[in-house]
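J.: Mind looking over this structure? Questions follow.
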Amino acid sequence: MKEFVITEAKVETAVIVGLITPRQDERKTKEYLDELEFLAETAGAKVVRRFTQRVNGASGVTYVGSGKLAEIKEFIKNEEDNEREVGMVIFDDELNIKQLRNIEKELQVKILDRTSLILDIFAMRAQTVTAKTQVELAQYKYMLPRLQRLWTHLERQRGGSVGLRGPGETQLEMDRRIILSRMSLLKQRLKEIDTQKVTQRKNRGRLIRVALVGYTNVGKSTIMNLIAKSEVFAENKLFATLDTTVRKVIIGNLPFLLGDTVGFIRKLPTDLVDSFKSTLDEVREADLLLHVVDISHPDFEEQINVVDKTLADIDAANKPTIIVFNKIDAYTWVEKEPDDLTPPTKDNISLDDLMKTWMAKMHDNCFFISAKEQTNLQGFKDMLYKKVKELHVQKYPYNDFLFQNYNDEGEEI
Ligand SMILES: Nc1nc2c(ncn2[C@@H]2O[C@H](COP(=O)(O)OP(=O)(O)OP(=O)(O)O)[C@@H](O)[C@H]2O)c(=O)[nH]1
Ligand SMILES: [Mg+2]
Numbered sequence: 016m017k018e019f020v021i022t023e024a025k026v027e028t029a030v031i032v033g034l035i036t037p038r039q040d041e042r043k044t045k046e047y048l049d050e051l052e053f054l055a056e057t058a059g060a061k062v063v064r065r066f067t068q069r070v071n072g073a074s075g076v077t078y079v080g081s082g083k084l085a086e087i088k089e090f091i092k093n094e095e096d097n098e099r100e101v102g103m104v105i106f107d108d109e110l111n112i113k114q115l116r117n118i119e120k121e122l123q124v125k126i127l128d129r130t131s132l133i134l135d136i137f138a139m140r141a142q143t144v145t146a147k148t149q150v151e152l153a154q155y156k157y158m159l160p161r162l163q164r165l166w167t168h169l170e171r172q173r174g175g176s177v178g179l180r181g182p183g184e185t186q187l188e189m190d191r192r193i194i195l196s197r198m199s200l201l202k203q204r205l206k207e208i209d210t211q212k213v214t215q216r217k218n219r220g221r222l223i224r225v226a227l228v229g230y231t232n233v234g235k236s237t238i239m240n241l242i243a244k245s246e247v248f249a250e251n252k253l254f255a256t257l258d259t260t261v262r263k264v265i266i267g268n269l270p271f272l273l274g275d276t277v278g279f280i281r282k283l284p285t286d287l288v289d290s291f292k293s294t295l296d297e298v299r300e301a302d303l304l305l306h307v308v309d310i311s312h313p314d315f316e317e318q319i320n321v322v323d324k325t326l327a328d329i330d331a332a333n334k335p336t337i338i339v340f341n342k343i344d345a346y347t348w349v350e351k352e353p354d355d356l357t358p359p360t361k362d363n364i365s366l367d368d369l370m371k372t373w374m375a376k377m378h379d380n381c382f383f384i385s386a387k388e389q390t391n392l393q394g395f396k397d398m399l400y401k402k403v404k405e406l407h408v409q410k411y412p413y414n415d416f417l418f419q420n421y422n423d424e425g426e427e428i
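Shown next as structure tokens:
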């Protein structure tokens, strides 16, 4: 019998780099780097070291200062000497062509930035034609202004630029043209997909449309699966969902449509968000948004702001919205001593107090659940039913026969 030897797949290692600036304090930078590390893991790389530098702003030449760059180089060399290869260095902000070229020249390893890492994950995750087309277009958008760098790389390998200058430039021009024509083809395809989707949406009938939106990894797909009894891929990784899934849901005797969408993240260039237009149409055209928040995340308030800002960017702000605070099972806080009268801070506010604060702020348009432990799920469904019914009666005042077509089990009769 043939024997199979199972060898472990080699995991690429990475070093990550971020800045501490007057606008981004140490705590914030740590959180950004935690997130960047999570992104790297999702893409399949293991982070072996992080570097930070305190500066006024990113250097236009090499992002970090030359001393810090030398330190990173030294680290890579030391690792190499100990037969541990550093596969890549990932920077927390988007790098321009000049920074990329200089850093690459100095460090001689693969250089990524937050955007290209996210694009890589998107490419890995894309499954539907829509998602694949959107990701490819976004990748070219990122690549186009950075094309020249590939040719500088080649020059270095061949030693100097003499003799290569002419053909290299022509080649660059050719590449640029090929990419531009590919991009217009992809845009055309997306336009066709959009037209199809508009028709599909028109055929869906007179039903209220609800969209789950939120930061990545907050539990949108888990909630979708619970409510719609569907099987949407949910996982503790970033961007598990890239395309929209829409399901008809019946709560009580009321049918409506529920859509699960791509998660948002910090520092995502608007350009990239634009590429996801088809996916985001579901959000734009929704009658009600369920903004899901991971309350156990130390930075959930900033995540709320990022989502609100992205919604405004895609013209989906000012819609009826319910904030769904999820993962209450994982919420932790440091309890204050009973005689401690200082006002509660972010770290020591109890779940009860936090709930009260947000209910007052959102005029009760918020709900607290644990999708994992199914806590408050029935209450959540009741609230959703009430809200959807209200919207339904408002939008389709003459179409209440719909309510009679389903029995209490949600079966069509
Ligand atoms: N502790 C806890 N974990 C949860 C809860 N709900 C979801 N999760 C976990 O959170 C992770 C992310 O869940 P998903 O449903 O994939 O999140 P998502 O918002 O769809 O993420 P993306 O599609 O990547 O944007 C998974 O590991 C879930 O099991 C919850 O109530 N409590
Ligand atoms: Mg998801």
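All letters in the sequence shown, in the order written, are residues 16 to 428 by the working numbering. Ideal placement from N, C-alpha and C gives every residue a C-beta, glycine not left out.
Between the Cα of residue 236 and those of 260, 199 and 219, spot the shortest distance and give me the residue it belongs to.
T.: If you number the sequence shown from 1, residue 236 lands on position 221. Taking only the C-alpha atoms, the option nearest residue 236 is 260.
J.: With which residues is residue 33 paired in a DSSP beta bridge?
T.: As a position in the sequence shown, residue 33 is number 18, starting the count at 1. Residue 33 is bridged to 67.
J.: Since I believe residue 36 is in contact with residue 71 (beta carbons under 8 angstroms), could you give me their beta-carbon distance rounded to a whole number of angstroms?
T.: As a working note, residue 71 is residue 56 in the sequence shown. As a working note, residue 36 is residue 21 in the sequence shown. Going by Cβ atoms, the distance from residue 71 to residue 36 rounds to 6 angstroms, so yes, they are a contact pair.
J.: In three-state terms, what does DSSP make of residue 221?
T.: Here residue 221 refers to the residue found at position 206 of the sequence shown. In this structure, residue 221 counts as coil in the three-state DSSP scheme.
J.: Let's see if you can read the secondary structure: which residues bound the alpha helix (DSSP H) around residue 382?
T.: Translated into positions along the sequence shown, residue 382 becomes position 367. Note, residue 382: premise wrong, no alpha helix (DSSP H); beta strand (DSSP E) at 381–383.
J.: For ligand 2, is there any heavy atom lying closer than 7 angstroms to the beta carbon of residue 229?
T.: For the purposes of this step, residue 229 is identified with residue 214 of the sequence shown, where counting begins at 1. Closer than 7 angstroms to some heavy atom of ligand 2: that does not describe the Cβ of residue 229.
J.: Is the Cβ-Cβ distance between residue 133 and residue 54 less than 8 angstroms?
T.: On the sequence shown, position 118 is the one that residue 133 refers to. On the sequence shown, position 39 is the one that residue 54 refers to. Closer than 8 angstroms, so yes.
J.: Under 7 angstroms: does the beta carbon of residue 375 sit that close to some heavy atom of ligand 1?
T.: Residue mapping note: residue 375 aligns to position 360 of the sequence shown, counting from 1. No.
J.: What distance in whole Å lies between the Cβ atoms of residue 306 and residue 339, which are believed to be in contact at a cut-off of 8 angstroms?
T.: On the sequence shown, position 324 is the one that residue 339 refers to. On the sequence shown, position 291 is the one that residue 306 refers to. Rounded, the Cβ-Cβ distance is 7 angstroms, consistent with contact.
J.: Evaluate the contact criterion for the stretch 266–282 versus the stretch 310–325: three or more CB pairs, one atom per stretch, below 8 angstroms.
T.: yes
J.: State the start and end residues of the unbroken beta strand (DSSP E) segment that holds residue 306.
T.: As a first step, residue 306 is located in the sequence shown; it is residue number 291 there, counting from the start. Annotation for residue 306: the continuous beta strand (DSSP E) segment containing it runs 303–309.
J.: Quick check: the Cα distance between residue 62 and residue 121, rounded to an integer number of angstroms?
T.: Here the question's residue 62 lines up with position 47 in the sequence shown. Here the question's residue 121 lines up with position 106 in the sequence shown. So the two alpha carbons sit approximately 20 angstroms from each other.
J.: Measuring from the CB of residue 387, is there a heavy atom of ligand 1 at a distance below 7 angstroms?
T.: Here residue 387 corresponds to residue number 372 of the sequence shown, with the count starting at 1. Correct: residue 387 has its Cβ closer than 7 angstroms to ligand 1.
J.: Determine the contact status of residue 274 and residue 205, defining contact as a CB-CB distance below 8 angstroms.
T.: For the purposes of this step, residue 274 is taken as the residue at position 259 of the sequence shown. For the purposes of this step, residue 205 is taken as the residue at position 190 of the sequence shown. Not closer than 8 angstroms, so no.
J.: Which partner residues does residue 270 have in the DSSP bridge list?
T.: Along the sequence shown, read from residue 1 onward, the residue named residue 270 stands at position 255. Residue 270 is bridged to 265.
J.: Cutting at 8 angstroms between CB atoms, please list the residues of its own chain near residue 58, excluding the five before and the five after it.
T.: As a first step, residue 58 must be located in the sequence shown, where it is residue number 43. Close CB contacts of residue 58 within its chain, under the 8 angstroms cut and outside five residues either way in sequence, are with 132, 135, 136 and 139 (chain order).
J.: Tell me whether residue 26 is buried or exposed, calling it buried when 16 or more other Cβ atoms sit within 10 Å of its Cβ.
T.: Mapped onto the sequence shown, residue 26 falls at position 11. When all chains shown are included, residue 26 counts as exposed.
J.: Going by CA-CA distance only, name the one from 85, 266 and 115 that's closest to residue 130.
T.: Position 115 of the sequence shown, counting from 1, holds the residue named residue 130. Residue 115 holds the alpha-carbon nearest to the alpha-carbon of residue 130 among 85, 266 and 115.
J.: Residue 177: buried (16+ other C-beta within 10 angstroms of its C-beta) or exposed?
T.: Your numbering for residue 177 matches position 162 in the sequence shown. With a pLDDT of 47 at residue 177, under the threshold of 50, the predicted position of this residue should be treated as unreliable, though the coordinate-derived value follows. By the 10 Å Cβ count, residue 177 comes out exposed.
J.: Is the stretch 194–201 close to the stretch 144–155, with three or more CB pairs under 8 angstroms?
T.: yes
J.: Let me check one thing: in DSSP terms, what residues is residue 229 bridge-paired to?
T.: Walking along the sequence shown from the start, residue 229 turns up at place 214. According to DSSP, residue 229 bridges with 307.
J.: Check whether the Cβ atoms of residue 225 and residue 308 lie closer than 8 angstroms to each other.
T.: In the sequence shown, the residue the question calls residue 225 occupies position 210. In the sequence shown, the residue the question calls residue 308 occupies position 293. Going by C-beta atoms, residue 225 is not nearer than 8 angstroms to residue 308.
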